[in-house]
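Residue numbers for the first sequence follow the working numbering, so the first one is 31 and each next one is one higher.
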Amino acid sequence: MKPFNFNRRVWAALKLIPRGRVTTYKELAKYLGKSKVARAVGNACGLNPYAPKVPCHRVVKSDGSLGGYSGGGKKKIDLLEKEGVKIDRGKIKDFRDKLYKFK
DNA sequence: ACGGTGACGCTCA
DNA sequence: TTGAGCGCCACCG
């Protein structure tokens, strides 16, 4: 195993997200210390081997769109709705209110 | 070591 | 408001 890589850090942050709440790549990047690593964050989620362990589906884009998902967008939407996050036309409803911020 | 790609973000037209 | 372009960092071949 390797030390705390950037990816590991991202996964750890995702685990901090409470149920029924979502976060954005930007906020996540900010939490890591860089507001421009949003791409790297997305990459981390894609490489995330802890798929079920890490709620990557709770991470969305800054516009409130789901962004993407490595298993099937439908599953992600259904999962989020189950958590209490309503999705409308592929965008999160009251996204701003459900947005979770670190620190 | 280098280049290309990506689950993104912001600015400009 | 929507669409297109540029820039950012990290990972993979």
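Glycine is no exception: its CB is placed at the ideal position from the N, C-alpha and C atoms.
Item                                                                                                                                                                           : Value
Compute the distance between the beta-carbons of residue 68 and residue 74, then report whether it is under 8 Å.                                                               : no
Under the DSSP definition of a beta bridge, which residues are partnered with residue 52?                                                                                      : 129
Excluding the five sequence neighbours on either side, which residues of its own chain have a C-beta within less than 6 Å of the C-beta of residue 113, listed in chain order? : 49 and 50
From the DSSP output, in three-state form, read off residue 106 for me.                                                                                                        : helix
How about residue 53 and residue 109: are their beta carbons less than 8 Å apart?                                                                                              : no
Would you call the CB atoms of residue 64 and residue 95 closer than 8 Å?                                                                                                      : no
Taking Cβ positions, are residue 116 and residue 61 nearer each other than 8 Å?                                                                                                : no
Return helix, strand or coil for residue 121, following the three-state DSSP convention.                                                                                       : strand
Rounded to whole angstroms, how far is the Cβ of residue 57 from the Cβ of residue 131, which I believe are closer than 8 Å?                                                   : 6 Å
Provide the residue(s) that pair with residue 100 in DSSP beta bridges, ordered along the chain.                                                                               : DSSP lists no partner for residue 100.
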